[in-house]
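Taking it in order: structure first as structure tokens, then the write-up.
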Amino acid sequence: MSAPRHTTALAPDPKPDFDLGRAAEILTGAAAKAGAAIMAHCAGPTEVETKADDSPVTKADRDSEVVLLAALKDLAPDVPIVSEETAADRSAPLGARFFLVDPLDGTKEFIKKRTDFTVNVALIEEGVPRFGLVYAPARALLAVTTADGVAIEAAMTPDANGADLETLDRKRLHARQGDPSGLTALVSLSHLDEETEKFLEGFNISERSGAGSSVKFLEIARGRADVYPRFGPTMEWDTAAGQAVLEAAGGHVVDANGARFRYGKTQEGLRNGSFVAWGRTVLTPR
């Protein structure tokens, strides 16, 4: 009887751990530059093109993307990047670790000269967002994960020269415990629908407000709101960074079955299903 063959050498080496602190530092600087590229287009008229899916795109989207992709390739050259404006094949396998980028989330709000548009960068590992950065340049508001289970916010002015995270006045983010007797709800400005209204009827909503882009996730992560339901269509790059920040602040994002919202859905072309973002408490309808 022959000796058993050793097969351990054939097993792939595990991926080295991802340095969240280094990512936060490098991508904070890139976000300041991307924000400056976006804001350079704010003052004058906005040239708008229509993509194949009928959504709008501007030069600000593309200028921001150039900055972010360069930073990500410097940070982690071996990690695949899926970015809204350059994602041609949305059904190709992505592996266990990849970046999701929305260089200008809330393009409709940007075109309308509102302030609730953001720069979104997320790292997905095994289907869940582990790192997230959301930057609202018109509000000078940065939110970023700096370690597992830790997210901070800071005031940061857009700057073409970048920014140093260590010099910013940082505050740790903490989602709040929702009060079932009076919740604050956030709804999409551009995509409010009957299903959302029906969902909210199942809870005691004492206050509600509208917002665009990933600002809604940030408001919950900052302890200023309790719930954000979304039943209309979104793409993975719309939500991943906001979810990473919110979960690091103690919040939750769940799917229609109440399970943690997941990513890498290439079989659906990276389209999201319905989800609900909560603070520290996931409630059930009355």
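Residue numbering for the sequence shown follows the numbering used here, starting at 22 and increasing by one per position.
All residues carry an ideal CB built from backbone N, CA and C; glycine is no exception.
Next on the checklist: If I follow the unbroken alpha helix (DSSP H) through Glu216, where does it start and stop?
Outcome noted: DSSP places Glu216 inside the alpha helix (DSSP H), whose first and last residues are Glu215 to Leu221.
Next on the checklist: Taking the alpha-carbon of Ala61 as reference, which of Ala161, Ala181, Arg160 and Lys72 has the nearest alpha-carbon?
Outcome noted: Ala181
Next on the checklist: Tell me which residue opens and which closes the alpha helix (DSSP H) that Val87 is part of.
Outcome noted: Lys80 to Leu96
Item to check | C-beta atoms of Ile145 and Leu125 nearer than 8 Å | outcome: no
Item to check | CB-CB length for Leu186 against Glu46, believed under 8 Å | outcome: 5 Å
Next on the checklist: Within a Cβ cutoff of 7 Å, which residues of the same chain sit near Ser230, ignoring the five residues on either side of it in sequence?
Outcome noted: Leu207
Item to check | Neighbour-count burial assignment, Ala64, 16 or more Cβ in a 10 Å radius | outcome: exposed
Item to check | Beta-carbon gap between Arg197 and Gly244 smaller than 8 Å | outcome: Their beta carbons are under 8 Å apart, which means Arg197 touches Gly244 by this criterion.
Checklist entry - Exposed or buried, what is Ala91 when buried is set at 16 or more other beta-carbons lying within 10 Å of its beta-carbon? => result exposed
Checklist entry - Do you know how far the Cα of Gly253 is from the Cα of Val216? => result This sequence places Glu at residue 216; Val is not what is there. In this structure, the alpha-carbon of Glu216 lies about 9 Å from that of Gly253.
Checklist entry - Can you list, in chain order, the residues of its chain whose CB lies under 8 Å from that of Thr136, leaving out five sequence neighbours each side? => result Glu130, Ala157, Ala159 and Arg160
Checklist entry - Would the beta-carbon of Leu325 fall within 8 Å of that of Met256? => result With the chain represented from 22 up to 307, any question about residue 325 goes unanswered, as that position is not in the structure.
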